[in-house]
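All remarks here apply to the structure that follows.
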Amino acid sequence: MFRTHAHRTMDMTTGPLLKNVLFFSLPIMASGILQLLFNSADTIVVGRFAGNEALAAVGSVGSLNNLIISLFIGLSIGVNVLVARYTGAREADNVSSTVHTAVLLSILGGLALAVIGVLLSRPLLTVMGSPEDVIDLAVLYTRIIFLGMPVQMLYNFCAAVLRAVGDTKRPLYFLTLAGVINVVLNLFFVIALHMSVAGVALATIISQAVSAGLILHSLMTLDGPTKLHLRRLHINPRILREIIRIGLPAGIQSSVFSLSNVIIQSSVNSFGSIVMAGNAAAMNVGNFIYQAMNTFQQAITCFAGQNMGARKPSRVISSLKVCLFWASLFGIVLGVLSCVFGTQLLSLFNGDPAVIAAGLERLYIVCGPYMLCGIMDVMTGVLRGIGYSLLPMIVSLLGACAFRIFWVVTIFAAAPSMTSLMVSYPVSWALTFAVLVVIFVLLWKRIRAQYTPQELADR
């Protein structure tokens with residue numbers, strides 16, 4: 261029998277979409293913002309109490325860390341799509357097999373990432389041109405963060421399972437507790453023990469371990485097909501192939517974006533530690549806006565997956581329109597607010613007027629039109645939800661990585677400034693969104709032919 265916790269999960273195949281998408285998304289948004297607070301708390305504490313070099317070190321490694329972990333985070337998207345699809349189709353055995361495969365995969369992937377991060381952090385940061393006054397601190401921070409990858413991967417994969425069945429509140433509760441622990445430990449390690457970047461990194465992985473333990477326990481105490489039994493952990497080859505088929509292109513796509521950001525960061529590094537610090541602070545502000553919009557990419561992936569499993573294609577289209585609306589609204593409002601209150605927001609990270617001025621330049625150019633990034637991500641999410649993950653990867657490879665590399669070696673090389681560098685972001689978002697819309701329209705014509713008139717009309 262297919263059973264779920266009705267008070268915790270959501271049937272995405274019925275009910276009003278405008279409200280349901282928002283109710284589903286808000287806890288994810290809050291969870292993502294809390295997760296960002298892990299790194300922002302690191303940045304604020306080191307910026308206030310450990311100096312500009314420590315701030316530059318913590319801020320400059322984000323794009324490199326994302327590049328390395330994106331591949332495995334992409335696999336969690338494959339887990340999310342499969343659990344949502346099998347839930348919509350009421351296939352309990354497949355849901356259970358996906359859960360147990362996902363948990364074991366997350367542990368093995370986290371261990372692999374820990375080894376990769378520890379061994380490659382210094383060579384990669386050297387290639388990125390990290391300055392001599394920053395690189396030792398950046399390497400230390402990166403290595404400690406990667407030692408905590410097993411618990412970070414475990415949390416992300418377990419959260420993907422819960423969100424696929426509509427349970428978005430418990431990940432929020434767990435991250436709330438972990439966020440409080442992270443802030444307290446940051447202050448203790450840096451101010452009381454004078455541990456600088458090592459202290460904030462250690463605080464981060466301890467708090468992540470708490471959230472991972474809580475979410476793992478929640479899966480073990482569930483009823484129904486999503487219940488986790490540690491003795492049943494295994495890798496189902498068929499399920500693994502499906503996770504890889506859907507998730508690997510998503511991971512490569514994320515890595516492509518991260519690679520382009522590494523290239524951008526390398527160009528930012530050429531302006532020195534003051535600009536690096538300002539850019540790091542502005543990136544942290546922008547990350548909160550991105551997380552709010554990216555929530556609706558996660559929402560459309562789940563809603564599209566469940567409704568494809570339930571053979572309700574019309575609700576896929578309706579869900580897409582609703583998610584585009586919410587992503588646009590949040591992107592516009594938060595983008596404008598970040599520009600209006602930019603000085604106050606940046607001063608939370610560093611009070612140096614030169615650092616704030618450098619950060620404002622990024623805020624105005626990147627965060628103002630951030631809505632373009634939000635709607636681009638929604639189009640990527642719906643394609644993943646209906647089972648097409650390779651095409652968004654290819655488009656992102658061309659629209660993000662290749663285009664930005666071309667921009668750096670042409671436009672930026674001809675006029676090397678932060679303004680010419682940052683403009684590459686909104687231009688690449690607009691181009692990628694336009695191509696994704698065309699691809700979706702063409703694919704949807706083919707998909708519609710697979711359904712009966714009654715299924716096409718079923719809402």
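Position in the sequence shown (from 1) plus 260 gives the number in the working numbering. Just so you know, even glycine gets a beta-carbon here, dropped at the ideal spot from N, CA and C.
For Thr436, the CB contacts under 7 Å within the same chain, skipping 5 residues up- and downstream, are Leu294 in chain order.
In the DSSP assignment, Glu715 falls within the alpha helix (DSSP H) that extends over 713 to 717. In the structure shown, Met455 falls within a coil segment according to DSSP collapsed to helix, strand and coil. Cα atoms of Lys279 and Ala559: separation of roughly 12 Å, rounded to the nearest angstrom. Gly611 carries a coil assignment under DSSP once its states are collapsed to helix, strand and coil. In the structure shown, Ile523 adopts helical secondary structure according to DSSP, grouped into three states. Its chain contains Arg571, Pro573 as the residues whose beta carbon lies nearer than 8 Å to that of Tyr711, once the 5 sequence neighbours on both sides are disregarded; these appear in chain order. The residues Met388, Gly389, in chain order, have a CB closer than 7 Å to that of Ser526 in the same chain once the five nearest residues on each side in sequence are set aside. The three-state reading of DSSP puts Glu351 in coil, since its state is none of H, G, I, E or B. Put simply, the region 643 to 650 touches the region 329 to 347. At least three CB pairs are less than 8 Å apart. Under a 10 Å Cβ-count criterion, Arg491 is classified as exposed, with fewer than 16 other Cβ atoms of the shown protein chains found around its own Cβ. Between the alpha carbons of Leu397 and Ser533 lies a distance of about 13 Å. Rounded to whole angstroms, the Cβ separation of Met553 and Asp637 is 7 Å, and the two are in contact under 8 Å. Counting the other CB atoms within 10 Å of its CB gives Leu488 a total of 16 or more, which places it among the buried residues. If one requires a minimum length of 4 residues, the alpha helix (DSSP H) runs lying completely within the region 511 to 577 are 533 to 569, in chain order.
Assignment of Pro431 by DSSP, reduced to helix, strand and coil, places it in the helix class.
Excluding sequence positions up to five before and after Ser656, its CB lies within less than 8 Å of the CB of Gln513, Val516, Phe517, Thr640, Thr692, all in the same chain and listed in chain order. In the three-state reduction of the DSSP assignment, Asn496 falls in the coil class, being assigned neither a helical nor a strand state. By the Cβ criterion, the region 605 to 620 is in contact with the region 530 to 549, since at least three pairs of Cβ atoms, one from each stretch, lie closer than 8 Å. Residue range 663 to 667 is occupied by the alpha helix (DSSP H) that includes Ile665. Counting along the chain, Cys418 sits inside the alpha helix (DSSP H) bounded by residues 409 to 424.
Inter-residue distance for Leu606 and Met678 is about 17 Å (C-alpha atoms, whole angstroms).
The Cβ atoms of Ile465 and Ile441 do not sit closer than 8 Å to each other.
Taking Ala673 as reference, the option from Val399, Ala316, Val528, His454 with the minimal CA-CA separation is Val528.
The C-beta distance from Leu400 to Val318 rounds to 10 Å, too long to fall under 8 Å, and the pair is not in contact. Assigned with DSSP and collapsed to three states, Gln710 falls in coil, not helix or strand.
Glu715 has its alpha-carbon roughly 44 Å from the corresponding atom of Ser598. The beta-carbon separation of Cys627 and Ile549, rounded to 6 Å, stays under the 8 Å limit for a contact.
Straight-line spacing of the CA atoms in Gln557 and Gly634 works out to 8 Å. Cβ atoms of Phe406 and Ala374 come within 8 Å of each other, at about 5 Å. Under the criterion of beta carbons closer than 8 Å, Ile699 and Ile523 do not qualify as touching, at roughly 25 Å.
Under the DSSP assignment, Thr679 falls in the alpha helix (DSSP H) whose first and last residues are 678 to 682. In chain order, Glu313, Ser533 place their CB closer than 7 Å to the CB of Asp393, counting only its own chain and leaving out the 5 sequence neighbours on each side. Within 10 angstroms of the beta-carbon of Val425 lie 16 or more other beta-carbons, which makes it buried. For Val638, the enclosing alpha helix (DSSP H) covers residues 631 to 645. The beta carbons of Val321 and Thr402 sit about 5 Å from each other, so the pair counts as a contact at 8 Å.
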